[in-house]
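Down below is the structure, laid out as structure tokens.
Written as structure tokens, this is what we have:
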């Protein structure tokens, strides 16, 4: 376990270094200009806020919005995409400062159980989220327990996302609980939605691991399969987690993180922009922040 922990920390630190180099590229010019417009003072001046997130559309949108707000307040910010396990470990070990991407109590239950004593939970930044198995609305199956009898129509597979995602572990439990003769195929959020698009374009049956909020619900007519055994749990929240000591080290940044709260509809606005051809997620987030000054003001009103 000690070797694995050291390797994980090395991987995270190495990735942080890569992000720092990327920040020097032309794509980081907009953020640098915003920082220049707001003089850094107090805990802003010498410290950088490092945010970690899982590369899901929802997490990408939320992380970049918080990054944009922190940059408006004069902070330097690094946003680092990592696996679910690395996200929790990085914060617990102090290698990263925070995440706004903790799906609880079910999706990330295992990660949270192992690290909760080493981090601070600032509470939900979004409520009423959901995970489960999703099919196009033309599929005449409405419940997970109906999948077994129709396995061949689904090519004997469930199309999943990155293997380290909490939802994948829960889906494997569902396969066992419902005795499904389907294989869970891992990939990424992008490969899952690509497979979904291909199936819908050809009016084929497909079942994928899905969640709300996600831009796919606005693009296609989809439905969750009911879960009679309750394997996927009920509605979830997305929580903000911070490393121990962040409140004392950077009280201004901590208060922004603590104040951050938005709705699925607001997140959907950012995700929709992110899916346009040639989109830049960081630029989309900056545009959304500039277009919602009253909302942002409530997040930062107590920031020194």
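Numbering (mature numbering (1 follows the signal peptide of the UniProt record, and there is no 0)), first residue to last: -31 to -1, 1 to 273. Note that CB positions come from ideal geometry on N, CA and C, so glycine has one too.
- DSSP places residue 116 outside any beta strand (DSSP E), giving it a letter other than H or E.
- Secondary structure at residue 214: coil, using DSSP grouped into helix, strand and coil.
- Annotation for residue 57: the continuous alpha helix (DSSP H) segment containing it runs 53 to 61.
- Residue 76 carries a coil assignment under DSSP once its states are collapsed to helix, strand and coil.
- Taking the Cα positions, residue 29 is about 10 Å away from residue 236.
- The Cβ atoms of residue 20 and residue 38 lie no closer than 9 Å to each other.
- Annotated as distal: residue 178 and residue 209, with beta-carbon spacing of 9 Å or more.
- Within the region 164 to 239, the complete beta strand (DSSP E) segments of 3 residues or longer fall at 177 to 181, 191 to 193 and 205 to 212, listed in chain order.
- Among the bridge pairs identified by DSSP, residue 95 is matched with 207.
- Distance from the Cα of residue 188 is smallest, within the candidate group 241, 257 and 44, for 241.
- In the three-state DSSP reduction, residue 157 falls in the coil class, being neither helix nor strand.
- Apart from sequence neighbours up to five positions away, the residues of its chain that approach residue 112 with a beta-carbon distance below 6 Å are 194 and 195, ordered along the chain.
- Residue 94 sits buried, since 16 or more C-beta atoms from the chains shown fall within 10 Å of its C-beta.
- Judged by DSSP secondary structure, residue 139 falls outside any beta strand (DSSP E) and instead within the alpha helix (DSSP H) spanning 135 to 146.
- Looking at 117, 90, 137 and 149, the one whose alpha-carbon comes closest to that of residue 161 is 137.
- A residue is called buried when at least 16 other Cβ atoms come within 10 angstroms of its Cβ; residue 227 meets this threshold and is buried.
- Classified as buried, residue 224 has 16 or more neighbouring CB atoms from the shown chains inside 10 Å of its CB.
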